[in-house]
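What follows is a single structure, written as structure tokens, with notes after it.
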Amino acid sequence: MQKHALVIDNDFFFVEFLSDILEKRGYVVSKAYDGKGGITRLREVHVDLLFVDLIMPKIDGTQVIQFTRKQFTGHRFPIVAISGSMIERNEDIQKIGADYYITKGPIETMADHISSFLDKLEKQTISASDEIIGTTRLFPQQSTVEMLEVMDFQEGIFDSIGLGLFVIDRDEQIIRANDLGIAMINKSMEAMLNRHVTSLLPESKKTKLISALKSVARNRNIKSTSFEVATDELHLRVIVSIHRIGQAAIGWIIAMEDMRQWEEPV
Numbered sequence: 459m460q461k462h463a464l465v466i467d468n469d470f471f472f473v474e475f476l477s478d479i480l481e482k483r484g485y486v487v488s489k490a491y492d493g494k495g496g497i498t499r500l501r502e503v504h505v506d507l508l509f510v511d512l513i514m515p516k517i518d519g520t521q522v523i524q525f526t527r528k529q530f531t532g533h534r535f536p537i538v539a540i541s542g543s544m545i546e547r548n549e550d551i552q553k554i555g556a557d558y559y560i561t562k563g564p565i566e567t568m569a570d571h572i573s574s575f576l577d578k579l580e581k582q583t584i585s586a587s588d589e590i591i592g593t594t595r596l597f598p599q600q601s602t603v604e605m606l607e608v609m610d611f612q613e614g615i616f617d618s619i620g621l622g623l624f625v626i627d628r629d630e631q632i633i634r635a636n637d638l639g640i641a642m643i644n645k646s647m648e649a650m651l652n653r654h655v656t657s658l659l660p661e662s663k664k665t666k667l668i669s670a671l672k673s674v675a676r677n678r679n680i681k682s683t684s685f686e687v688a689t690d691e692l693h694l695r696v697i698v699s700i701h702r703i704g705q706a707a708i709g710w711i712i713a714m715e716d717m718r719q720w721e722e723p724v
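459 is the number of the first residue of the sequence shown in our numbering; add one for each residue after it.
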């Protein structure tokens, strides 16, 4: 039976390059050009080998890997993380959770490295490790280190703000959430990732949420709108605003505040 490989990368030409190598070795190859598409394919097909780029917009490679590990606990398959900017620090490797790491490089040398890696993988002569497979020994570049520091700083704000936060794409799918938000709605990240925004709230409150999304999308003068959700299990204030980059609307940000913290104990 042919093995099935999934390649996820927002670089179209690299996807084709890697797919060609895999197909020549007898793999059936599925392709996805961002993390959202990759998660959709993971839910649709049986995968035996996953290659995923780490740096992608919206849902990045680390999120895809974490989703895969939690979603497919009964079917563990090799995950290969690939990156054009390289993993600069050991702590980053520990957080990512892939089995193998490959650095992008010149196509002519990278083809040999990938083929050699696949030979060892198929013969089971290579074990999962934190070693990085690359074309040369690379050292941290100052620009990359600075970029990682900025990303860490922004991630710290996202996780420390004291509100549950959810990032919604323009197609109304959930693409990010912080830990507090996940705890508030009592769902796992893998259960909600790339699902419709209405899955965040009880059935009876979905109409309110859709109305709020439409309200801020249709009227630029409205910066945000809010409503409350109260059930036996929770009491939330839900704040909906448009997510903009410059003048372009790219989705929504939903913030949730647990109102029970302000209630007087009975």
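Just so you know, even glycine gets a beta-carbon here, dropped at the ideal spot from N, CA and C.
Measure the Cβ-Cβ separation of residue i and residue j and say whether it is below 8 Å.
i, j, result
"L658", "L638", "no"
"G555", "I523", "yes"
"S682", "S669", "no"
"L576", "R483", "yes"
"A463", "F509", "yes"
"V538", "I560", "yes"
Got a sec, what are the start and stop residues for the alpha helix (DSSP H) residue i sits in?
i, result
"T665", "K664 to R676"
"G519", "G519 to Q529"
"V473", "F470 to K482"
"A641", "D637 to I643"
"F575", "I565 to E580"
Buried or exposed for residue i, please, with buried defined as at least 16 other CB atoms from any protein chain shown within 10 angstroms of its CB.
i, result
"K494", "buried"
"T520", "buried"
"W710", "buried"
"E715", "buried"
"T567", "exposed"
"V473", "buried"
"S541", "buried"
"M650", "buried"
"A688", "exposed"
"D518", "buried"
"Q631", "buried"
"A706", "exposed"
"V608", "exposed"
"T665", "exposed"
"G704", "exposed"
"N652", "buried"
Residue i: which of the options sits nearest, CA to CA?
i, options, result
"A713", "L576, G704, N677 and L671", "L671"
"R628", "E691, A649 and A675", "A675"
"Q529", "F685, F470, E648 and Q705", "E648"
"H504", "T689, F475 and M459", "M459"
"M642", "S684, V696 and I626", "V696"
"A569", "I703, I479, F509 and V538", "I479"
"H693", "S662, V625, R718 and R678", "R718"
"E691", "S684, A706, R678 and P660", "P660"
"L623", "Y559, I560 and H701", "H701"
"L507", "D467, K461 and P515", "K461"
"D610", "K553, E722 and S573", "K553"
"P515", "I565, Y485, D467 and K645", "D467"
"E686", "K663, I680, S673 and G704", "K663"
"L476", "E502, I708, H571 and R501", "H571"
Which first and last residues belong to the beta strand (DSSP E) in which residue i is found?
i, result
"F685", "S682 to A688"
"I466", "H462 to I466"
"M714", "A706 to D716"
"R499", "Run containing R499: none in the beta strand (DSSP E); it sits in the alpha helix (DSSP H), G493 to E502."
"A490", "V486 to A490"
Query raised in the report: With a cut-off of 8 Å, do at least 3 Cβ pairs link the stretch 477-490 to the stretch 530-539?
Result: no
Query - Any 3 or more C-beta pairs closer than 8 Å across the stretch 635-650 and the stretch 612-627 - result: yes
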